[in-house]
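**Student:**
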Amino acid sequence: VCIHGVPDDTVVQEGDVLGLDIGTKLDGYFGDAAITMAVGKISAEDEALIACSKGALYHAIENIKQGMRFKELTKLLEDYITEAGFVPLRDYCGHGIGTKPHDEPNIPNYLEGKPNQGPKIKNGMVFCLEPMVCQKSGQPVLLEDQWSVISEDQLRSSHYEHQVAVVDGKAVILTEA
Numbered sequence: 018v019c020i021h022g023v024p025d026d027t028v029v030q031e032g033d034v035l036g037l038d039i040g041t042k043l044d045g046y047f048g049d050a051a052i053t054m055a056v057g058k059i060s061a062e063d064e065a066l067i068a069c070s071k072g073a074l075y076h077a078i079e080n081i082k083q084g085m086r087f088k089e090l091t092k093l094l095e096d097y098i099t100e101a102g103f104v105p106l107r108d109y110c111g112h113g114i115g116t117k118p119h120d121e122p123n124i125p126n127y128l129e130g131k132p133n134q135g136p137k138i139k140n141g142m143v144f145c146l147e148p149m150v151c152q153k154s155g156q157p158v159l160l161e162d163q164w165s166v167i168s169e170d171q172l173r174s175s176h177y178e179h180q181v182a183v184v185d186g187k188a189v190i191l192t193e194a
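Quick note, the working numbering runs 17 ahead of the 1-based positions in the sequence shown.
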């Protein structure tokens, strides 16, 4: 499952790739973060997949500047993912967050249109970046539970997410331990 997997009684085993996507609410404000991890020894391709989503996330965060457009951020994510030989999951995206768990703006991991269009990043904004990385097909398929999403080719995927606030013109990670 790429995102939103519903817990069940599946036993995690050596060689699995496990994703955790956690949401919280405190004093009326939401928090959101995700991580993908190896269970024991995994294949080199799975290691590269996990490294790609984590690397794309930190690459984008390090490059956030007040005044840049969200589509520029989207292009950074997409370029990082595709240059590593993977593809972003379509139709799901990062997002604004605050008193709602998902708010504007939507921040896809793939560029639609031109990077010099759309809203600009401003001081005080809080949003989540969440590169969802697939091996070959980024086309999502919603499973019967109406919540879990896999890629069309059913290959493994990886997902990392941090919530950031823009303070003094740059990103501060709010969900890092």
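Beta carbons: idealized from backbone N, C-alpha and C, even for Gly.
Starting from M54, follow its DSSP beta bridges and name the residues at the other end.
**Tutor:** L35
**Student:** For M85, tell me which candidate among M142, Y75, A101 has the shortest Cα-Cα distance.
**Tutor:** M142
**Student:** What's the gap between the Cα of I81 and the Cα of G111?
**Tutor:** 14 Å
**Student:** With a threshold of 16 other CB atoms inside 10 Å of the CB of V29, please say whether the residue is buried or exposed.
**Tutor:** exposed
**Student:** Using the Cβ count rule (16 or more neighbours within 10 Å means buried), how would you classify K88?
**Tutor:** Counting Cβ neighbours within 10 Å, K88 comes out buried, since at least 16 surround it.
**Student:** Three or more C-beta pairs closer than 8 Å, one from the segment 143-151 and one from the segment 169-180: is that the case here?
**Tutor:** yes
**Student:** With the cut-off set at 8 Å, would you say L106 and C69 are in Cβ contact?
**Tutor:** Not a contact, by the Cβ cut-off of 8 Å.
**Student:** Give the straight-line distance between the Cα atoms of V56 and A65, rounded to the nearest whole angstrom.
**Tutor:** 15 Å
**Student:** The alpha helix (DSSP H) spanning I78 covers which residue range?
**Tutor:** 61-79
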